[in-house]
Amino acid sequence: MLTPLTGQVYEGLPGFEAHLQAELGIPTPSWGPLYYREHPAGRDQGSCFWNQNIWRTPFRLTFGSIAEAAAALRGIQRNWAPTLFTQFRRGALIQAQLPFLSTKPRPFPWTVPASPVGAWTLLDAHTLIASAHCSSPFPGGVITFEEDTKGPPSRAYLKLWEALVRFRTWPGPGDRCLDAGASPGGWTWALARLGAEVTAVDRAPLADRVLAMPGVRWIRHDAFTLKPEDLGPLEWLFCDVICYPPRLYEWIRRWLDSGLCSNFICTIKMQGKPDFETTRRFAAIPGSRVVHLYHNKHELTWMWGV
Ligand SMILES: C[S@@+](CC[C@H](N)C(=O)[O-])C[C@H]1O[C@@H](n2cnc3c(N)ncnc32)[C@H](O)[C@@H]1O
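Numbering (my numbering), first residue to last: 834 to 1139.
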């Protein structure tokens, strides 16, 4: 029997469960690592950021056999990713009867398929919770890439790749990009590889091999004291500066108000306690997305595009 649930299921982030609990107002998980919250009418459902994946349309399925459970999921859509915390053997047998879902490392650029990836778990041998639609386009919110261990001077490029894959677009040849807080140059390396024209701003120098890439220039400066009219117009603004979130917000507001940049990807880095208030201010900018990427640590990623 399939029963729709009226709330949403949230997958916690290892190490940051307390942030999710504070956002949801729930002190402990509901099932394994999963939090279920009913949504009172009118409550803002977009105000939860510290999660790996949100199950947007969950339902409960009570079933008799493994084949019955798998057939029910297959009858809804092709792609299903399990998040098991109990009944591991039974869960593996159900997943084995579902279409193969690749979790191999991806190249970059990579276009994420449009078909949705659902999520499911088992509460006991005959009860399954699942959702056909989730906030993350990746199975269980997880994506890995075919890494380049020689070119980039830091592994920070992985979160930029993930953000661009989620954005579903990226800079092309000749696109003007500002990379604020660029050193040692992982993001600049990733952008220059796409053929973009990159202005890297940082008080610290770029790695020599990144500075030598075609299209790259470095300005030794405090990014926040450079005005939009000094650097724009731009197709893309990237920012990975370590700073208090309100400082980033104030600077980004100036760029948005200037109209001199079309696309933004910025990390909102938490200094000690999470800054929920500034996060909500970023999310309230019309057209914004704020997510915790798989490659983010104690930080969130804000994305905005025209
Ligand atoms: C996390 S690192 C950036 C890593 C970089 N995205 C990469 O891929 O290699 C943060 C950088 O911000 C720089 N930074 C801190 N405050 C800054 C400011 N006000 N203006 C420009 N850069 C700043 C630091 O010097 C540091 O290099």
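No residue lacks a Cβ here, since even glycine has one placed at the ideal position from N, Cα and C.
Please list, in chain order, all residues of the same chain as residue i whose beta carbon is under 7 Å from its beta carbon, the five residues on each side excluded.
i	result
residue 994	941, 978 and 1023
residue 884	843, 844, 845, 846, 853 and 1125
Take residue i and list the residues in its own chain whose beta-carbon comes closer than 6 Å to its own, dropping the five residues that flank it on each side.
i	result
residue 1028	1006
residue 1097	1070 and 1137
residue 1009	1030, 1067 and 1068
residue 1025	1031, 1046, 1048 and 1049
Across which residues does DSSP place residue i in a beta bridge pair?
i	result
residue 1104	BP columns for residue 1104 are empty, so no partner.
residue 1096	1069 and 1138
residue 888	842 and 967
residue 978	939
residue 812	Outside the displayed span of the chain (834 to 1139) sits residue 812, for which this structure offers no information.
residue 913	951
residue 1063	In the DSSP output, where bridge partners are listed per residue, residue 1063 has none listed.
Sorry if obvious, but does the Cβ on residue i come closer than 7 Å to a heavy atom of ligand 1?
i	result
residue 924	no
residue 1019	yes
residue 1025	no
residue 1075	yes
residue 1036	yes
residue 990	yes
residue 816	Only positions 834 to 1139 of the chain appear in the structure, and residue 816 is not among them; the question remains open.
residue 1144	There is simply no residue 1144 to check, as the chain begins at 834 and stops at 1139 in what is shown.
residue 987	yes
Identify, in the order they occur along the chain, each residue of the same chain with its Cβ nearer than 8 Å to the Cβ of residue i, setting aside the five sequence neighbours on each side.
i	result
residue 959	895, 896 and 897
residue 996	1098, 1126, 1134 and 1136
residue 908	none
residue 1061	1087, 1088, 1091, 1093 and 1094
Three-state secondary structure (DSSP) at residue i?
i	result
residue 1053	coil
residue 859	coil
residue 1133	strand
residue 804	Residue 804 lies beyond the stretch modelled for the chain, which goes from 834 to 1139, so this question has no answer here.
residue 1012	strand
residue 871	coil
residue 1003	coil
residue 1079	helix
residue 864	strand
residue 1088	helix
residue 1040	coil
Are at least three pairs of beta-carbons, each pair with one atom in the segment 1121-1138 and one in the segment 1096-1112, less than 8 Å apart? yes
* For the segment 856-876 and the segment 920-927, state whether three or more C-beta atom pairs, one from each stretch, are separated by less than 8 Å. => no
inquiry  = With three or more C-beta pairs closer than 8 Å as the rule, is the segment 943-958 touching the segment 1035-1048?
reply    = no
Any contact between the segment 930-950 and the segment 908-917? By contact I mean 3 or more CB pairs, one from each, below 8 Å. yes
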